[in-house]
Structures are given as structure tokens and as C-alpha cells.
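Novice:
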């Protein structure tokens with residue numbers, strides 16, 4: 004059992020991660036701008052937090068075994084988040100990543116492909132920048148988990164594949180549900196296998 008601070012606990016992905024954490028008996032501090040939107044589950048303490056308030060966020064993160072970020076990249080500054088985790092004295096930091104920085108061929112990122120949807124390009128590019136910044140961080144045990152290209156609500160099947168920097172796909176395309184992504188993330192929390200690395204999950 005771990006004590007986990009989950010930033011973005013009321014979002015689409017955060018909600019599933021919160022449920023997965025509590026189903027495994029972890030104790031969670033759920034942090035969101037609107038804590039009233041955080042699911043009321045046993046073992047969850049909802050708190051109001053602002054990802055741009057470095058000192059305030061650090062105070063909320065203190066005393067936890069791990070921090071998980073499940074927030075949009077265009078709404079955050081990686082340096083502020085990393086400093087808040089560092090100042091809180093927490094070593095383990097897991098980030099809900101994006102698919103845009105994954106490779107579709109050697110040296111060719113998904114976000115740079117001509118058919119990449121324009122409406123997602125800014126978020127995907129910001130996610131790639133976040134990962135690049137994390138790669139310069141050597142004093143935290145960070146992990147960046149990228150989903151597949153299609154990242155949507157679905158079923159918790161527990162059946163998926165893990166990869167590293169290449170986009171995973173099958174005959175149906177490249178996809179992962181929020182629910183199965185949450186399993187892979189909490190698995191990594193419980194049994195770290197990708198310290199200071201990015202990995203990906205897909206069907």
C-alpha cells in the first residue's frame with residue numbers, strides 16, 4: 004500500500020487512475036482545481052490545488068510515497084511541476100504522457116506525420132516537450148507512460164501490450180482504454196520497471 008498524490012484526479016484519465024489505485028487499497032490525495040468533482044471513494048482525500056502554484060502544490064504533495072500527474076500538457080509547466088515534487092521531498096513521479104512523441108518509424112514521431120489531427124497538435128507537442136524536459140531530470144525516479152494513438156473510455160480488460168518508444172498498433176489500429184492504461188500505470192507504481200524512462204501501452 005502506498006500513499007499517492009494524484010494531480011488531475013477529476014479528469015477523464017485521472018478518474019480511472021483514482022479508481023484503480025483505490026481498488027488496490029492505496030491511499031490517495033486527489034488534487035484538482037474543483038475538488039468537488041473528484042469521485043468520493045474510500046481512501047481518497049480530495050483537495051483543491053493549482054498546477055501553477057508551485058509552493059502551494061509542493062505543500063499538498065509532502066508526505067506521499069509517489070506523485071502522479073494526469074493533467075493536460077498545454078495547461079502545465081514541467082519545470083513548475085518537477086520543482087514542486089522535488090520541494091515536497093517525493094522521489095517517485097509518474098506522468099500520464101501523450102502518444103505524439105512516439106515513433107511510427109525510426110526518427111519519425113507520430114505528431115510530425117502529415118495526417119496528425121491539427122486540433123491535437125499543440126497538446127501533443129507540449130507533451131513531447133515535457134518528456135524532453137524529464138530526460139534532463141536525474142534526481143527524481145520519474146516515469147512517463149504514453150498511451151496509444153486512440154485514448155478513449157472503454158473496458159478494463161487487463162489484456163494489453165507494453166512497448167518503449169514505438170507506437171503500438173494491431174489490425175484494428177492503435178488504441179488503449181483509459182481503464183487499461185490505469186492498470187499499466189498502477190502496475191508501474193507497484194513494481195517499477197521504467198525508472199527515468201518512457202514506455203507505452205496498447206492493444
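Numbering (the working numbering), first residue to last: 4 to 206.
Ideal Cβ placement from N, Cα and C applies to all residues, glycine included.
All values reported here derive from a predicted model rather than from experimental measurement.
To the nearest angstrom, report how far apart residue 173 and residue 164 are at their CA atoms.
Specialist: Whole-angstrom Cα-Cα distance: 10 Å.
Novice: Could you compute how far the alpha carbon of residue 114 sits from the alpha carbon of residue 205?
Specialist: Taking the straight line joining both Cα atoms gives about 17 Å.
Novice: Based on the DSSP output, what are the partners of residue 203 in its beta bridges?
Specialist: According to DSSP, residue 203 bridges with 149 and 166.
Novice: Can you list the alpha helix (DSSP H) stretches of 4 or more residues lying completely in the segment 9 to 75, in chain order?
Specialist: For the segment 9 to 75, whole alpha helix (DSSP H) runs of length 4 or above, ordered along the chain, are 15 to 26 and 57 to 64.
Novice: Only counting the same chain, and skipping five residues up and downstream in sequence, which positions put a Cβ closer than 7 Å to that of residue 38?
Specialist: Excluding residues within five positions, the ones whose Cβ falls inside 7 Å are 49, 50 and 51.
Novice: Should residue 19 and residue 185 be called a contact, given that it needs their Cβ atoms to be closer than 8 Å?
Specialist: Yes, they are a contact pair.
Novice: Do the segment 176 to 191 and the segment 134 to 144 make contact, defined as three or more Cβ pairs closer than 8 Å?
Specialist: At 8 Å Cβ cutoff, the stretches do not touch.
Novice: Is the number of C-beta pairs between the segment 87 to 95 and the segment 53 to 71 that are closer than 8 Å three or more?
Specialist: Yes, the segment 87 to 95 touches the segment 53 to 71.
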